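Trainee: In the UniProt record's numbering, the protein residues as written are 1 to 235. To start, I am sharing the structure in question, which I have written as structure tokens.
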Amino acid sequence: DYTTDNDKTARDSAAALQAFFSAFPRFKGRDFFITGESYAGVYVPTLAEAILALVDRGEWEGGTLKGIAVGNGCSGTEVGVCGGQRWIYDTTYLLGSAFVDPLLKAQITAACDFDGAAPSAGCQALLDRMAAAIGHVNLYNVYGECISGSDATGTHKIPFSASDATASHEAPHRQGRFLGALKGPDACIDSIAGSAYFNQPAVIAAAHVKKQPFRWARSYLSSARSYLQPAVIAA
């Protein structure tokens, strides 16, 4: 394991791109875009910033960065889906589905302020009823199941409730204490196959990374992650 932050990650990614353009010089004269989703809401703009800093110093030897694009972006811990407003995104999605009884939908719509930072006590009680009624539906794959796994195999659950979601993103290393109390719905991220793939000796060699004396696993909500800019949108 190691400790990093978004600035160091951006510098490392920019260095990797420099190495790519050096290895494949035919791409140096081409325009390129950086795109991503989810945590790319932090990684994409900070990488672009790192590249532009290299350009300003006359140290960038790659192609011309023309723009960036982020979908469903986690842009920090203060706003958006990775901030305290996650409950708004999840609830809005569920209210548009057939998983929630129409009467309960109407009650939630009437009681909840979707422009507020946190739900009121009455709204939260209705959200808890909705969560209990939905049960363990995987929000990332409503027709599938949450595959059993562990940190070693790469399956993780994201909590649904507003209070749990807020705490999990503000203090990721504390998330484990919420998992046992979850009633659903679930948001399962299955990276079992991905972890197995990237631990193959041939893949490690092809990626030109140093073989480590441990099994690599996807770093989701790791205490080693540190965001220096809690709100990239405002930074």
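Note that CB positions come from ideal geometry on N, CA and C, so glycine has one too. Everything numeric in this text was worked out from a predicted model, so none of it was measured.
#1: Spatial neighbours of Thr35 within its chain, please: CB distance less than 6 Å, with the 5 preceding and 5 following residues excluded, ordered by chain position.
#2: Name the residue from Glu78, Cys188 and Gln212 whose alpha carbon lies nearest to the alpha carbon of Asn199.
#3: Take Lys105 as the anchor and find which of Asp128, Ala207, Ala23 and Ala16 has the nearest alpha-carbon.
#4: Does the segment 55-69 come within contact of the segment 17-24, defined as at least 3 CB pairs closer than 8 Å?
#5: Kindly indicate the opening and closing residues of the beta strand (DSSP E) around Asp190.
#6: Using the rule of at least 16 other Cβ atoms within 10 Å of the residue's Cβ for burial, across every protein chain shown, is Ala217 buried or exposed?
#7: Can you list, in chain order, the residues of its chain with a C-beta nearer than 8 Å to that of Ala111? Leave out the 5 residues immediately preceding and following it.
#8: Going by DSSP in three states, Glu49 sits in which element: helix, strand or coil?
#9: Over the uninterrupted alpha helix (DSSP H) stretch that includes Ala23, give me the two end residues.
#10: Tell me which residue opens and which closes the beta strand (DSSP E) that Ala117 is part of.
Mentor: According to the data block:
#1: Taking the sequence shown and counting its residues from 1, the one referred to as residue 35 is at position 35. Closer than 6 Å at the Cβ level, and outside the excluded window around Thr35, lie Ala69.
#2: The sequence position of residue 199 within the sequence shown is 199, counting from 1. Here the closest residue by C-alpha is Gln212.
#3: Position 105 of the sequence shown holds residue 105. Measuring from the Cα of Lys105, the nearest candidate turns out to be Asp128.
#4: yes
#5: Position 190 of the sequence shown, counted from the start, is the residue given in the question as residue 190. Residues Ala187 to Asp190.
#6: Position 217 of the sequence shown holds residue 217. Buried, since its Cβ has 16 or more Cβ neighbours within 10 Å.
#7: Locating residue 111 in the sequence shown gives position 111, counting from the first residue. Hits under 8 Å: Ser120, Gly122, Cys123 and Leu126.
#8: Within the sequence shown, numbered from 1, the residue matching residue 49 stands at position 49. Reduced to three states, the DSSP call for Glu49 is helix.
#9: Here residue 23 refers to the residue found at position 23 of the sequence shown. Element bounds for Ala23: Asn6 to Ala23.
#10: Here residue 117 refers to the residue found at position 117 of the sequence shown. Ala117 -> no beta strand (DSSP E), and no H or E assigned at all.
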